[in-house]
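> Below is a structure I'd like to ask you about.
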Amino acid sequence: MSVVKGDKIATRESYGNALAELGKEYENLLVLDADLAAATKTGTFKKVFPNRHIDCGIAEANMTGIAAGLSTCGFVPFISTFAMFAAGRAFEQVRNAIGYPKLNVKIGATHAGISVGEDGASHQCNEDIALMRTIPGMVVINPCDDVEARAAVKAAYLHEGPVYLRFGRLAVPVIHDEETYQFRIGKGEQLRDGSMCTIIATGLCVSESLAAAELLMEKGIDAQVINIHTIKPLDEALVIEAAKKTGRIFTVEEHSVIGGLGAAVSEVLGDKLPTRITRIGMNDVFGESGPAKELLHKYELDAEGIANRIEREMRGQ
Amino acid sequence: MDKLKLQKAALEVRKGIIEAVHSAKAGHPGGSLSAADIFTYLYFEEMNIDPKEPKNPNRDRFVLSKGHTAPGLYSALANRGYFPVEDLLTLRKLGSYLQGHPDMKHIPGVDMSSGSLGQGLSCAVGMALGAKLTNKDYRVYALCGDGEIEEGQIWEAAMFAGHRKLDNLVVIVDNNNLQIDGSITEVCSPYPIDKKFEAFNFHVINVDGNDFEDLDRAFKEARNTKGMPTAIIAKTVKGKGVSFMENSVGWHGKAPNDEEYALAMEDLRRVGEALCQ
Numbered sequence: 057m058s059v060v061k062g063d064k065i066a067t068r069e070s071y072g073n074a075l076a077e078l079g080k081e082y083e084n085l086l087v088l089d090a091d092l093a094a095a096t097k098t099g100t101f102k103k104v105f106p107n108r109h110i111d112c113g114i115a116e117a118n119m120t121g122i123a124a125g126l127s128t129c130g131f132v133p134f135i136s137t138f139a140m141f142a143a144g145r146a147f148e149q150v151r152n153a154i155g156y157p158k159l160n161v162k163i164g165a166t167h168a169g170i171s172v173g174e175d176g177a178s179h180q181c182n183e184d185i186a187l188m189r190t191i192p193g194m195v196v197i198n199p200c201d202d203v204e205a206r207a208a209v210k211a212a213y214l215h216e217g218p219v220y221l222r223f224g225r226l227a228v229p230v231i232h233d234e235e236t237y238q239f240r241i242g243k244g245e246q247l248r249d250g251s252m253c254t255i256i257a258t259g260l261c262v263s264e265s266l267a268a269a270e271l272l273m274e275k276g277i278d279a280q281v282i283n284i285h286t287i288k289p290l291d292e293a294l295v296i297e298a299a300k301k302t303g304r305i306f307t308v309e310e311h312s313v314i315g316g317l318g319a320a321v322s323e324v325l326g327d328k329l330p331t332r333i334t335r336i337g338m339n340d341v342f343g344e345s346g347p348a349k350e351l352l353h354k355y356e357l358d359a360e361g362i363a364n365r366i367e368r369e370m371r372g373q
Numbered sequence: 006m007d008k009l010k011l012q013k014a015a016l017e018v019r020k021g022i023i024e025a026v027h028s029a030k031a032g033h034p035g036g037s038l039s040a041a042d043i044f045t046y047l048y049f050e051e052m053n054i055d056p057k058e059p060k061n062p063n064r065d066r067f068v069l070s071k072g073h074t075a076p077g078l079y080s081a082l083a084n085r086g087y088f089p090v091e092d093l094l095t096l097r098k099l100g101s102y103l104q105g106h107p108d109m110k111h112i113p114g115v116d117m118s119s120g121s122l123g124q125g126l127s128c129a130v131g132m133a134l135g136a137k138l139t140n141k142d143y144r145v146y147a148l149c150g151d152g153e154i155e156e157g158q159i160w161e162a163a164m165f166a167g168h169r170k171l172d173n174l175v176v177i178v179d180n181n182n183l184q185i186d187g188s189i190t191e192v193c194s195p196y197p198i199d200k201k202f203e204a205f206n207f208h209v210i211n212v213d214g215n216d217f218e219d220l221d222r223a224f225k226e227a228r229n230t231k232g233m234p235t236a237i238i239a240k241t242v243k244g245k246g247v248s249f250m251e252n253s254v255g256w257h258g259k260a261p262n263d264e265e266y267a268l269a270m271e272d273l274r275r276v277g278e279a280l281c282q
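The listed protein sequences derive, respectively, from chains Z and H.
Every number in this note's numbering is 56 more than the matching position in the first sequence, counting from 1.
Every number in this note's numbering is 5 more than the matching position in the second sequence, counting from 1.
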C-alpha cells in the first residue's frame with residue numbers, strides 16, 4: 057500500500073497493515089489479542105493468517121505470559137491491546153515475564169493518550185511511556201504517522217528483545233515520504249530548522265508541532281522541530297545538539313508531563329547540558345470524554361495550543 | 006519406574022534443599038520439600054530432557070510457577086547433572102547464578118524465569134500452545150502452589166488452556182495446605198481445587214504427591230489424556246522429610262540455623278539408612 061503526504065491514517069491501522077505485510081515474510085510472527093482485534097486493527101492480520109492470530113479473550117495478564125512462553129519456543133509474538141491494559145494492567149507481567157528475561161516479545165499498544173476521545177479518562181492512557189521506560193532493556197517507540205508506524209513495526213520485529221510500540225486511534229496526517237524515509241530505532245530527526253527554540257515532539261504531537269512552528273513563525277518566533285519516535289533509547293546526541301543550537305527546549309507529547317518524553321529529555325540535559333525546558337503534555341491530570349480534536353484543543357496539544365503556550369513562554373508571560 | 010531409585014534421588018534433592026537454604030541463610034524450605042518428590046519424578050522419570058542439551062528445542066519444558074521454591078528445582082537440576090551440586094551452596098549469594106527465584110537467563114535447565122506468583126502458568130500455556138502451532142510433541146509441566154492459585158491470572162491461564170484443549174500441558178498443584186499467613190482454608194480458601202479445574206475443562210487427577218506410585222499413575226494417565234489439559238492435585242506435606250518442618254507454617258520462608266541444620270540432615274540421613282535396608 058502506498059500513501060502520500062497529507063493522507064490521514066490512524067497509526068493503529070498502520071500497525072494492523074504492517075503486521076499483515078510482515079506476516080508474509082516472517083512465519084514465526086504471531087499476533088495475540090485480547091478481544092480487541094477490531095479496535096487494535098490486528099483483524100487485518102487475522103484475515104490473512106487466521107492460524108497465527110491468537111485471541112486470548114479479555115485477559116491481558118495471561119496474554120502477556122502466553123507471549124513470553126511462545127517467545128521461548130522461537131516465535132516472535134506481538135501482543136495487542138489498548139495502552140491502558142498493555143502497559144497499565146499488565147505492567148508487572150511485562151516487567152517480570154518479558155522484561156526481566158529479555159524475551160523477544162513486542163507490545164503493540166493502541167488507543168494511547170487523550171485522542172482516544174469519547175471513551176474518556178478510564179481508557180486514555182497518559183502514563184504508559186513512563187511505565188515502560190523504567191523497565192531495563194525495554195525499547196519504547198511512539199511513531200508519528202503511518203509511514204513511521206509501519207517502519208517501526210518492522211524494526212521492532214527485527215530487533216532482538218522487548219519493544220513497546222505506542223499507537224493512536226485518531227487519524228493523523230502522513231508527514232513522511234514513504235519512498236525515502238529511513239527508520240532507525242534510537243535515531244530522531246530534525247523536521248524543521250529554526251534558531252530561537254527547539255520543539256521536541258513525539259507521536260501525533262509531531263505534526264501538530266510542525267503546524268505550530270508555522271504559526272510561531274508568523275509571530276516572529278523561529279522554532280526548530282525534532283521528531284523523537286524512540287523515547288528509549290533516546291537520541292541523546294540530537295537532543296544535546298539542539299540544546300546547544302537554540303538553548304531553549306519545548307517537549308510536546310500526548311502523555312503526562314511526568315515520566316514521558318519531557319522527562320527523558322530533561323534527564324539527559326540535566327545530566328549533560330542544563331538547558332531551560334518546558335514540558336508540554338498532560339499536566340498531571342486525567343482526561344475526559346469528548347471528540348479527540350476538541351480534547352487536544354482543550355488541553356493545548358493541537359497546533360494552536362502548542363504555539364500559544366510556546367509564545368507565552370518565549371515572551372516570558 | 007524404579008521406585009527405590011526415585012526415593013534415593015528425592016532424598017538427595019531434599020539434602021540439597023537443606024544445604025542450599027542453610028548456606029543462603031534465607032529461602033523457602035517448606036514448599037521445596039513438599040514438592041521434592043514431584044521435582045524428582047519430573048526430572049528423573051517423566052520428562053524428555055538431556056542435561057547436556059538444556060536448550061534442545063524438542064525438550065519437554067518445566068515452569069516453576071511457585072518460583073519461591075527454587076531451592077527444590079535447583080537441587081533437582083543439580084542432582085540431575087545440569088550444574089555442580091556444590092554450587093547449591095551459592096544460592097542467593099551476591100554474584101551467584103543461583104538467584105533467589107528461577108532465572109532462565111543464567112541457570113542451565115531453567116525454562117522460564119518466575120517467582121511473581123500467578124504468572125508462570127501463563128508462560129507454560131504459551132509453550133504448550135507453541136508446540137501445538139508447530140506440530141511438535143514436547144510436553145509442558147507447570148507446578149503451582151495451592152496458595153498461588155488464589156491469583157486470578159492462574160484462572161485466566163486455565164480458561165485459555167481448557168479452551169484450546171492443550172493436552173500437552175500438565176498443571177501440578179502442590180497442595181500442602183499452607184501459605185505464609187496460615188492454612189489456605191483460613192486465609193482465602195481455593196477449595197475445592199479439583200472441581201475448579203474440572204470447571205475450566207481440565208482432566209483432574211487427585212494424588213498423594215509424596216508417593217511415587219501415585220505420581221507415576223497420575224503422570225501416565227495425563228500422558229494418555231487427549232483433548233484436554235490435565236491438572237494433578239497433589240496432596241503433600243509441607244516440609245516433608247524433616248520432622249520439625251513438617252506441616253509447620255513457620256518453615257515456609259525461613260532458613261535453619263546451624264543446630265536445626267544438623268537436626269534436619271540427621272533426619273534425612275535416617276531416611277537414607279532406611280532406604281538402604
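Quick reminder that beta carbons are idealized off the backbone N, C-alpha and C, glycines included.
Keep in mind the model is a prediction, meaning the values are calculated, not measured.
How about residue 14/H and residue 45/H: do their beta carbons lie closer than 8 Å?
Closer than 8 Å, so yes.
> Flag this pair as yes or no: are the beta carbons of residue 98/H and residue 260/H separated by less than 8 Å?
Cβ atoms of residue 98/H and residue 260/H: not closer than 8 Å.
> If I measure Cβ to Cβ from residue 296/Z and keep anything under 8 Å in the same chain, skipping five residues before and after, which residues do I get?
Excluding sequence neighbours, residue 296/Z sits near 324, 325, 328 and 329.
> Buried or exposed: where does residue 347/Z fall if 16 or more other Cβ atoms within 10 Å of its Cβ makes it buried?
Residue 347/Z comes out exposed.
> Counting pairs of Cβ atoms below 8 Å between the stretch 76 to 96 of chain H and the stretch 30 to 43 of chain H, do you hit three or more?
They touch, by the three-pair rule.
> In chain order, what are the residue ranges of uninterrupted beta strand (DSSP E) at least 3 long that sit wholly in the stretch 301 to 358 of chain Z?
Segments of the beta strand (DSSP E) lying fully in the stretch 301 to 358 of chain Z: 304 to 312 and 332 to 338.
> Short check: CB of residue 288/Z to CB of residue 194/Z, under 8 Å?
Yes. Within cutoff.
> Can the beta-carbon of residue 68/H be found closer than 8 Å to that of residue 142/H?
No.
> Quick one, are the C-beta atoms of residue 205/H and residue 160/H less than 8 Å apart?
Yes; because the gap between Cβ atoms is below 8 Å, this pair is in contact.
> What's the C-alpha gap between residue 167/Z and residue 73/H?
Their Cα atoms are separated by approximately 37 Å.
> Measuring only the C-alpha atoms, how far is residue 83/Z from residue 262/H?
Cα to Cα, the separation comes out at about 54 Å.
> Where are the beta strand (DSSP E) runs, 3 residues long or more, that stay fully inside the stretch 46 to 89 of chain H, in chain order?
The qualifying runs are 66 to 69.
> So, are the CB atoms of residue 132/Z and residue 92/Z less than 8 Å apart?
No.
> Within the stretch 77 to 107 of chain Z, note down every full alpha helix (DSSP H) run reaching 4 residues or more, in order along the chain.
Those alpha helix (DSSP H) runs which fall completely within the stretch 77 to 107 of chain Z and span 4+ residues are 93 to 96 and 99 to 104.
> According to DSSP, which residues form a beta bridge with residue 210/H?
Paired residue(s): 237/H.
> Which same chain residues, not among the five before or five after residue 48/H, have their C-beta less than 6 Å away from its C-beta?
For residue 48/H, where only same-chain residues beyond five positions count, the Cβ hits under 6 Å are 81 and 85.
> Going along the stretch 121 to 132 of chain Z in order, which residues come within less than 9 Å of chain H, judged by CB to CB distance?
Listed by position along the chain: 121, 122, 123, 124, 125, 126, 127, 128, 129, 130 and 131.
> Bridge partners of residue 361/Z, per DSSP?
Partner(s): none; residue 361/Z has no beta bridge.
> Can you check whether the CB of residue 307/Z is closer than 8 Å to the CB of residue 277/Z?
Not a contact, by the Cβ cut-off of 8 Å.
> Assuming residue 39/H is part of the alpha helix (DSSP H), what are its boundary residues?
Residue 39/H -> alpha helix (DSSP H) spans 34 to 39.
> Could you say which of 249/H, 216/H, 125/H and 111/H lies nearest to residue 268/H if we only look at CA atoms?
Of the listed residues, the one whose Cα sits closest to residue 268/H is 249/H.
> Can you list, in chain order, the residues of its chain whose CB lies under 7 Å from that of residue 312/Z, leaving out five sequence neighbours each side?
182, 183, 186, 337, 338 and 340.
> Can residue 227/Z and residue 74/Z be called in contact, C-beta distance under 8 Å?
It is not a contact, given that the beta carbons lie outside the stated cut-off.
> Does the stretch 143 to 161 of chain Z come close enough to the stretch 264 to 279 of chain Z that 3 or more CB-CB pairs lie under 8 Å?
The stretch 264 to 279 of chain Z vs the stretch 143 to 161 of chain Z: no contact.
> According to DSSP, what are the bridge partners of residue 245/Z?
DSSP lists 283/Z as partners of residue 245/Z.
> Contact criterion: CB-CB distance below 8 Å. Does residue 134/H meet it with respect to chain Z?
Taking Cβ atoms only, chain Z reaches closer than 8 Å to residue 134/H, which makes this a yes.
> If you compare alpha carbons, which of 242/H, 149/H, 196/H and 106/H is closest to residue 216/H?
Minimum Cα distance to residue 216/H is reached at 242/H.
> Can you round the beta-carbon distance between residue 198/H and residue 238/H to whole angstroms, since I take them to be within the 8 Å contact cut?
Contact holds; Cβ gap of about 5 Å.
> 8 Å is my cut-off, CB to CB: does residue 288/Z come that close to chain H?
Residue 288/Z does not count as touching chain H.
> Should residue 190/H go down as buried or exposed, given a rule of 16 or more other Cβ atoms within 10 Å for buried?
Residue 190/H is exposed by the Cβ-count criterion.
> Mind listing which residues of the stretch 99 to 114 of chain H have their C-beta closer than 9 Å to chain Z's C-betas, in chain order?
Listed in sequence order: 108, 109 and 110.
> If you run the structure through DSSP and keep just helix, strand and coil, what is residue 263/Z?
If DSSP states are grouped into helix, strand and coil, residue 263/Z belongs with the helices.
> Which residues in chain H have a C-beta closer than 8 Å to the C-beta of residue 50/Z? List them in chain order.
Because chain Z in this structure spans residues 57 to 373, residue 50/Z falls outside the shown range and cannot be described.
> Just checking: is the beta-carbon of residue 116/H within a distance shorter than 8 Å of some beta-carbon in chain Z?
Output row for residue 116/H: interface = yes.
> Could you give the DSSP three-state label for residue 205/H: helix, strand or coil?
Coil.
> Please list the partners that residue 149/Z has in chain H, where partner means a Cβ-to-Cβ separation under 7 Å.
By Cβ distance, chain H contributes 124.
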